[in-house]
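> What follows is a single structure, and I will ask about it in a moment.
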Amino acid sequence: MIYLLLSVLASSVIFVIFKLFQRYGVNTLQAIIVNYFMACTVGFFGYIKDLDVSEIPSKPWFTGTLFLGIMFILVFNLAAITTQRSGLSVVSVATKMSVAIPVVFGITYFNESTGAIKITGIVLALAAVYLSSIKTRDGIAIKKRNLIFPILVFLGSGVIDTSIKYLEASYVQEADVALFSSTIFAVAGLVGTAVLIYQGFTGSLRITGKNILGGFALGIPNYFSIYFLVMALRSEGYESSTIFTINNVAIVLLSTLLGIILFRERLLPKNWIGIALAVISIILVANSGI
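As numbered in the UniProt record's numbering, residues 1 to 290 make up the sequence shown, in order.
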């Protein structure tokens, strides 16, 4: 359970850094791409010994990391489009509600347990994510022509988590967890660099020091959010459907509390209801997923 707690903490730090990006006008795309290389570096030099880079393409999970690296950039760009067209709350809901996909996958593909308590906890978790993410009294409103974008964010985020679980369970040896995590970030960084090169040719690229610094700051917790999540999925005692549910809801809970403490965010009554449901759902799922 310690790995799950560390993953939640790292992911919540990412939330704080993104809030600081807004405050200081950091270009999120550029920072994200720099962050991928930073996260890759943390893994390669901090957790991997006797590395032979030429052996990476022969790893059974390598093809999966190529897919995940592309998905990281793709989902990020879809999230950016969704934010511009429908607002940040829609992105937050679509991303966090996507936990339903790996949960269903774990139950069906890996034959993980179900039961009234666990199902109740998962349903409450989804309700908690929705209520905690909506920061306006009127809820969310999405124009019909823009509906495809949050749907794609929902599907893409769910596919990423599901793929990580599948690869971890089927191909990744414990000794390769750090290398697996770093390779995903390396691929995402290379794909992102191609995007920047394209922007350079179109004349829309302007790299600044604060964007690079923001990427460095983001890369460290981002690496550990994935590394610790994979380690949590490998832990005995809890199923993936339990891990993913607790992970997502706990991130929403801690991020909301950090928003109140660090940024003096004001919550609506439904946000407080969401927090209460988050706590209840974590208790139910944690005690039913053993």
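By construction, the Cβ of each residue, glycine as well, lies at the ideal position given by its N, Cα and C atoms. Just so it is clear, the structure is predicted and the values come from calculations on it, not from any experiment.
1. Assuming the contact rule is C-beta atoms closer than 8 Å, Phe-180 and Val-172 should be a hit. Round their C-beta distance to whole Å, please.
2. Would you kindly work out how many angstroms separate the C-alpha atoms of Lys-59 and Gly-46, rounded to a whole number?
3. Just list the alpha helix (DSSP H) runs in the segment 82-161, keeping only unbroken ones of 4 residues or longer that don't cross its boundaries, in chain order.
4. Just tell me which of Ala-94, Lys-118, Val-91 has its CA closest to the CA of Val-103.
5. Grab the span of the alpha helix (DSSP H) containing Gln-199 for me, first residue to last.
6. When we look at the beta-carbon of Ile-290 and count the other beta-carbons within 10 Å, is it buried (16 or more) or exposed?
7. Indicate whether the contact test is met: 3 or more Cβ pairs, each with one atom in the segment 216-235 and one in the segment 30-40, closer than 8 Å.
8. Rounded to the nearest angstrom, what separates Val-230 and Ser-163 at their Cα positions?
9. Let me make sure I understand the geometry here. Which of Phe-21, Glu-265, Leu-4 has the alpha-carbon closest to that of Gly-209?
10. Between the C-alpha atoms of Gly-259 and Phe-67, what's the straight-line distance to the nearest angstrom?
11. Is it the case that the Cβ atoms of Asn-222 and Lys-96 are separated by a distance below 7 Å?
12. May I ask which residues mark the beginning and end of the alpha helix (DSSP H) holding Met-231?
According to the structure shown:
1. By 1-based counting over the sequence shown, the position of residue 180 is 180. By 1-based counting over the sequence shown, the position of residue 172 is 172. Phe-180 to Val-172, Cβ: 5 Å. Contact.
2. The count along the sequence shown starts at 1 and reaches residue 59 at position 59. The count along the sequence shown starts at 1 and reaches residue 46 at position 46. Each residue's Cα considered, the two are about 20 Å apart.
3. 88-97, 100-109, 116-133
4. By one-based count along the sequence shown, residue 103 stands at place 103. Nearest C-alpha to Val-103: Lys-118.
5. Mapped onto the sequence shown, residue 199 falls at position 199. From DSSP, the alpha helix (DSSP H) with Gln-199 extends over 177-202.
6. On the sequence shown, residue 290 is found 290 positions in, with the first residue counted as 1. Only weak support is given to the placement of Ile-290: the predicted model assigns it a pLDDT of 49, under 50, and the question is left unresolved by the model.
7. yes
8. The count along the sequence shown starts at 1 and reaches residue 230 at position 230. The count along the sequence shown starts at 1 and reaches residue 163 at position 163. Whole-angstrom Cα-Cα distance: 11 Å.
9. Locating residue 209 in the sequence shown gives position 209, where the first residue counts as 1. It is Phe-21.
10. Here residue 259 is taken as the residue at index 259 of the sequence shown, counted from 1. Here residue 67 is taken as the residue at index 67 of the sequence shown, counted from 1. If you take the alpha carbons of Gly-259 and Phe-67, they lie about 33 Å apart.
11. Position 222 of the sequence shown, counting from 1, holds the residue named residue 222. Position 96 of the sequence shown, counting from 1, holds the residue named residue 96. Contact flag unset, no.
12. As a position in the sequence shown, residue 231 is number 231, starting the count at 1. 209-234 is the extent of the alpha helix (DSSP H) around Met-231.
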